[in-house]
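Colleague: Just so we're aligned, residue 979 is where the first sequence starts under the working numbering, counting upward by one.
C-beta atoms are modelled at their ideal positions from N, C-alpha and C, and glycine is treated no differently.
For clarity, every value in this text was computed on a predicted model and none was experimentally measured.
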Amino acid sequence: MKEYTHMQARTHHCGELRSEHVNQTVALAGWVNKYRDHGGVIFIDIRDRKGITQLVFRPSDEKLHANADRLRNEDVIWVKGTCIAREEGMANPKLATGDIEIEASELEILNKVDTPPFTPDEAPKVGEETRLRYRFIDLRQQRMQKILKTRHRVTKLMRDYFDENEFLEIETPFLCKSTPEGARDFLVPSRLQESSFYALPQSPQLFKQILMVAGMERYFQIARCFRDEDPRADRQAEFTQLDVEMSFVNQDDVMDCIENLCRKLWKDILDVDVPKLKRMPYAEAMDRFGSDRPDLRFGMELINISDLAEKTDFKVFKGAIADGGLVKAIRVPGGASMSRKETDALAEWVKQFGAGGLPVTKVEGGKLATGIAKFLEPITDELIAKMEAQDGDLICFGVDKKSTVVHRVLGELRVKIAHQLDMIKPGQWEWLWVVDFPLVEFNEDENRYDSLHHPFTAPNPEDMHLLDSDPAKVRSLAYDIILNGSEVGGGSIRIHDKNTQSKVFSLLGISEEDAKVKFGFLLDALRFGAPPHGGIALGLDRTVMHLENTTNIRDVIAFPKTQNGVDLMTMAPSEVDPAQLQELHLRLAPSIKADAVKG
RNA sequence: GGGGGUGUAGCUCAAUUGGUUAGAGCACUGGACUGUCGAUCCAGAGGUUGCGGGUUCGAGCCCCGUCACCCUCGCCA
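1. Just verifying my parser: in three-state terms, what is the DSSP assignment at residue 1473?
2. Using DSSP bridges, identify the partner residues of residue 1130.
3. Apart from the five residues just before and just after residue 1074, which ones in its own chain have a Cβ nearer than 7 angstroms to its Cβ?
4. Does the beta-carbon distance from residue 1085 to residue 1042 come in below 9 angstroms?
5. Cα separation between residue 997 and residue 1033?
6. What do you reckon, is the C-beta of residue 1092 under 8 angstroms from a heavy atom of the ligand FMN?
7. I need the DSSP call for residue 1547, collapsed to helix, strand or coil.
8. Can you give, in chain order, each stretch of the alpha helix (DSSP H) that sits fully within the segment 1244-1299 and has at least 4 residues?
9. What are the uninterrupted segments assigned as alpha helix (DSSP H) that are 4 or more residues long and contained completely in the segment 1069-1123, given in chain order?
10. I'd like the list of long-range same chain contacts for residue 1340, defined as Cβ closer than 6 angstroms, with 5 residues on each side in sequence excluded.
11. Could you check what DSSP says for residue 1203 in three-state terms: helix, strand or coil?
12. Does DSSP classify residue 979 as helix, strand or coil?
13. Which residues in the same chain as residue 1070 place their Cβ atom closer than 6 angstroms to its Cβ, once the five residues preceding and following it in sequence are excluded?
14. So, helix, strand or coil for residue 1313, using DSSP?
15. Measuring CA to CA, which of 1095, 1027, 1283 is closest to residue 1365?
16. Over what stretch of residues does the alpha helix (DSSP H) that includes residue 1556 continue unbroken?
17. Could you tell me the alpha carbon to alpha carbon distance between residue 1361 and residue 1286, rounded to whole angstroms?
18. Would you list the one or two residues that DSSP bridges to residue 1353?
19. DSSP state of residue 1191, grouped into three classes?
20. Distance, Cα to Cα, residue 1058 vs residue 1087?
21. Alpha carbon to alpha carbon, how far is residue 1197 from residue 1492? Give it in angstroms, no decimals.
22. Going by C-alpha to C-alpha distance, which of 1131, 1094, 1130, 1127 sits closest to residue 1114?
23. Quick one: grab the DSSP three-state call for residue 1573.
24. Do three or more CB pairs link the segment 1210-1218 to the segment 1230-1239 at distances below 8 angstroms?
25. Whole-angstrom Cβ separation of residue 1252 and residue 1409, contact assumed at under 8 angstroms?
26. Thinking C-beta only, is residue 1280 closer than 9 angstroms to residue 1297?
27. For my contact list, residue 1055 and residue 1078 are in at a C-beta cut-off of 8 angstroms; report their separation, rounded to the angstrom.
28. Could you give the distance in angstroms between the alpha-carbon of residue 1144 and the alpha-carbon of residue 1467?
29. Which word fits residue 1343, buried or exposed, when buried means at least 16 other C-beta atoms lie within 10 angstroms of its C-beta?
30. Just to confirm, is the Cβ distance from residue 1294 to residue 1335 under 9 angstroms?
31. Keeping to the same chain, check which residues put their C-beta closer than 7 angstroms to that of residue 1357; ignore five residues upstream and five downstream.
32. In angstroms, rounded to a whole number, what distance separates the CA positions of residue 1552 and residue 1395?
33. Assign residue 1402 to one of three DSSP states: helix, strand, or coil.
34. What are the boundary residues of the beta strand (DSSP E) that includes residue 1419?
35. Could you check how far apart the C-beta atoms of residue 1541 and residue 1209 are, in whole angstroms? I think they sit under 8 angstroms.
36. Might you give, ordered along the chain, the residues of its own chain that have their beta carbon closer than 6 angstroms to the beta carbon of residue 1483, omitting 5 neighbours on each side?
Pasting the structure below:
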């Protein structure tokens, strides 16, 4: 064997050859997917990103055969040979190239591998930790290549779509100003400015608004965003947004623009038709589904039964209502099949959302049985009628003095039960816009109002008169696009005049001085000719997750991080050379843990 | 920071109430085999049971601590 081999040209990819290529001399390159050594004849499955082709090595050429004998899984090879038809009964219907094989005449081993920890074929069964450590092998599996290809197609379709609609793709800085609002910032120390820090952008929000003031009119960007918060299955500290902003538009313009994009994506990639999206006010979403991102793939809507609850002698119900709370219920079709153990488990589970417990009862023979049935006797018929309940149903009650708790509990519960009882049929796409969000909500801990969306969201003009008197009632011009109970994106019309912006800042408890220090450039911009504008951001990772039917965000990111923010392949983050710290004017504080040990 | 789960060979997993030398499949090494496509057959090598401590005559299994990974609450304007 040569010490080092140069790549020779290949004539085809490994998924291309068919009967029509028979008798042609071809050259392929790729990885050994599998070897089957029969002592005489040796079969090698060679793989590249287009597919797999079977190679045949015969003992007649001794040197060639000896080389083929050495091949092991994941060796990288180049091979030349003749495409021949497989004899009858020897075709492999599992392979697209199964009608032919390559009778090899030349073989070069381009890279002889060490035994790999796993092969791409095994990857689906391998633990995620190992897959992430050897991501370069994991990404060789067909499923991961398909996901990354879908991701590429999505971004390409987005770029084409916005280009056709006269948007400009404009990059905004990664090294930004830190603001205390919103999520925790990732900080980058400045070498040139001692004791100063940049922050990585949580989103390009302010820059895109500035671009509108700058007269760009239509902007988009496929933007990396950073939020230093704990990850979840569908959330990663570093993620990608399709960021969009438009001038001289209203809500409908922005929503139509995004809706059409989604329609195009689903059509081109899945061949699924997305109908005109329905719109649901925030208040209705909370009332009927207990969530601002309702999953419409199944029923189990929340029914307010406070009026009935008051007629019982059940202390839990009466107490909550006396404290200004409410009682809502969901009807679980067929839920009576759940055991006491299962409903107890649900009761335990809802406690994490602030519930004291989960009263339940079952419908049997037109009556209520088990659980809190005996307390419901005075209202049995009314309740069954109101819930439209039938024999075999389970009724779960959300009770609390705070409506937010009732909604959260039942909102989460209906999703949990839908999954648990397998009520979600595959292939359903339930889209909607949630609109008319409140502009602010009261933060009891801080005794002030917080933005629901962000401080630059425009109040609904119809509610301007409430801004001083009853801010919590003011609706905003914000909108979220929801798919199957997941927030795919959200945006708003922005405030474009200085007075309204100042008013909202003061409502949020941001003093004039503070506003100047934190957002002075924005206020300046608003003074010098800001057009009415609005926009939206779509989560690219989540969009691809939907298209590829996965619930794991790490599946759609080539090099993701773990729950502790570690890249298991590169082992970032890591300690750095003290000289680097010195250049940055930084000294590490002794860790609190070390202090504790010292006592 | 809290709750739950997992951790045994390179990979996926097993190991009775705490009891002999921790097993299997795949992968790997050697051998046999000219039509397989999850090739087959024979033989072999491979272990700090995540790590540290404790209880015990004896710990993969029990206790304490710790680390990593996953799910989740808080957090995510």
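Modeller: So, to answer that:
1. Taking the first residue of the first sequence as position 1, residue 1473 is located at position 495. Of the three classes helix, strand and coil, the one that applies to residue 1473 here is coil, per DSSP.
2. Here the question's residue 1130 lines up with position 152 in the first sequence. Per DSSP, none; premise fails for residue 1130.
3. In the first sequence, residue 1074 corresponds to position 96, counting from 1. Taken in chain order, the residues that qualify are 993, 1029.
4. Residue 1085 sits at position 107 when you count from the first residue of the first sequence. Residue 1042 sits at position 64 when you count from the first residue of the first sequence. Contact: yes.
5. For the purposes of this step, residue 997 is taken as residue 19 along the first sequence, with counting starting at 1. For the purposes of this step, residue 1033 is taken as residue 55 along the first sequence, with counting starting at 1. When rounded, the distance between both Cα atoms is 15 angstroms.
6. In the structure shown, the ligand FMN is absent, as is every other ligand, since no ligand is present at all.
7. As a position in the first sequence, residue 1547 is number 569, starting the count at 1. If DSSP states are grouped into helix, strand and coil, residue 1547 belongs with coil.
8. 1260-1267, 1284-1287
9. 1106-1111, 1113-1116
10. Position 362 of the first sequence, counted from the start, is the residue given in the question as residue 1340. Correct list, in chain order: 1314, 1347, 1348, 1372.
11. The sequence position of residue 1203 within the first sequence is 225, counting from 1. The answer is strand: DSSP assigns residue 1203 an E or B state.
12. Taking the first sequence and counting its residues from 1, one reaches residue 979 at position 1. Confidence in residue 979 is poor, its pLDDT being 48 and thus under 50, which makes the residue's placement unreliable; the coordinate value appears in the next sentence. It is coil, neither helix nor strand.
13. Within the first sequence, residue 1070 is the residue found at index 92, counting from 1. Excluding positions up to five away in sequence, the list reads 1076.
14. The residue you call residue 1313 lines up with position 335 of the first sequence. If DSSP states are grouped into helix, strand and coil, residue 1313 belongs with the helices.
15. In the first sequence, counting from the first residue as 1, residue 1365 sits at position 387. That would be 1283, whose Cα lies nearest to the Cα of residue 1365.
16. The residue you call residue 1556 lines up with position 578 of the first sequence. 1556-1561 is the span of the alpha helix (DSSP H), which, as asked, contains residue 1556.
17. Your numbering for residue 1361 matches position 383 in the first sequence. Your numbering for residue 1286 matches position 308 in the first sequence. Approximately 7 angstroms between the Cα atoms of the pair.
18. The residue you call residue 1353 lines up with position 375 of the first sequence. Paired residues: none, contrary to the question.
19. Here residue 1191 corresponds to residue number 213 of the first sequence, with the count starting at 1. Residue state, collapsed to three classes: helix.
20. Here residue 1058 refers to the residue found at position 80 of the first sequence. Here residue 1087 refers to the residue found at position 109 of the first sequence. When rounded, the distance between both Cα atoms is 12 angstroms.
21. Here residue 1492 is taken as the residue at index 514 of the first sequence, counted from 1. Here residue 1197 is taken as the residue at index 219 of the first sequence, counted from 1. The straight-line gap from Cα to Cα measures roughly 29 angstroms.
22. For the purposes of this step, residue 1114 is identified with residue 136 of the first sequence, where counting begins at 1. Residue 1114 has its Cα closest to that of 1094, out of 1131, 1094, 1130, 1127.
23. Stepping through the first sequence from its first residue, residue 1573 is reached at position 595. For residue 1573, the predicted structure reports a pLDDT of 47, less than 50, and the residue's modelled location is therefore unreliable. A value from the coordinates is still provided. Three-state DSSP puts residue 1573 in a helix.
24. no
25. Numbered from 1 along the first sequence, position 274 holds the residue referred to as residue 1252. Numbered from 1 along the first sequence, position 431 holds the residue referred to as residue 1409. Rounded, the Cβ-Cβ distance is 6 angstroms, consistent with contact.
26. Taking the first residue of the first sequence as 1, we reach residue 1297 at position 319. Taking the first residue of the first sequence as 1, we reach residue 1280 at position 302. Contact: no.
27. The sequence position of residue 1055 within the first sequence is 77, counting from 1. The sequence position of residue 1078 within the first sequence is 100, counting from 1. Contact flag wrong, Cβ pair sits at about 18 angstroms.
28. Position 166 of the first sequence, counting from 1, holds the residue named residue 1144. Position 489 of the first sequence, counting from 1, holds the residue named residue 1467. Straight-line Cα distance between these residues: approximately 21 angstroms.
29. To locate residue 1343, count along the first sequence from 1; it is residue 365. Residue 1343 comes out exposed.
30. Position 316 of the first sequence, counted from the first residue, corresponds to residue 1294. Position 357 of the first sequence, counted from the first residue, corresponds to residue 1335. Cβ distance < 9 angstroms, so residue 1294 and residue 1335 count as in contact.
31. As a working mapping, residue 1357 is identified with position 379 in the first sequence. If we look at residue 1357 and ignore the five residues flanking it on each side, its Cβ neighbours are 1286, 1289, 1290.
32. Here residue 1552 refers to the residue found at position 574 of the first sequence. Here residue 1395 refers to the residue found at position 417 of the first sequence. When rounded, the distance between both Cα atoms is 42 angstroms.
33. Numbered from 1 along the first sequence, position 424 holds the residue referred to as residue 1402. Reduced to three states, the DSSP call for residue 1402 is coil.
34. Walking along the first sequence from the start, residue 1419 turns up at place 441. Its beta strand (DSSP E) spans residues 1418-1421.
35. Numbered from 1 along the first sequence, position 563 holds the residue referred to as residue 1541. Numbered from 1 along the first sequence, position 231 holds the residue referred to as residue 1209. With 8 angstroms as the limit, residue 1541 and residue 1209 qualify as a contact, their Cβ atoms being about 5 angstroms apart.
36. For the purposes of this step, residue 1483 is taken as residue 505 along the first sequence, with counting starting at 1. Excluding residues within five positions, the ones whose Cβ falls inside 6 angstroms are 1493.
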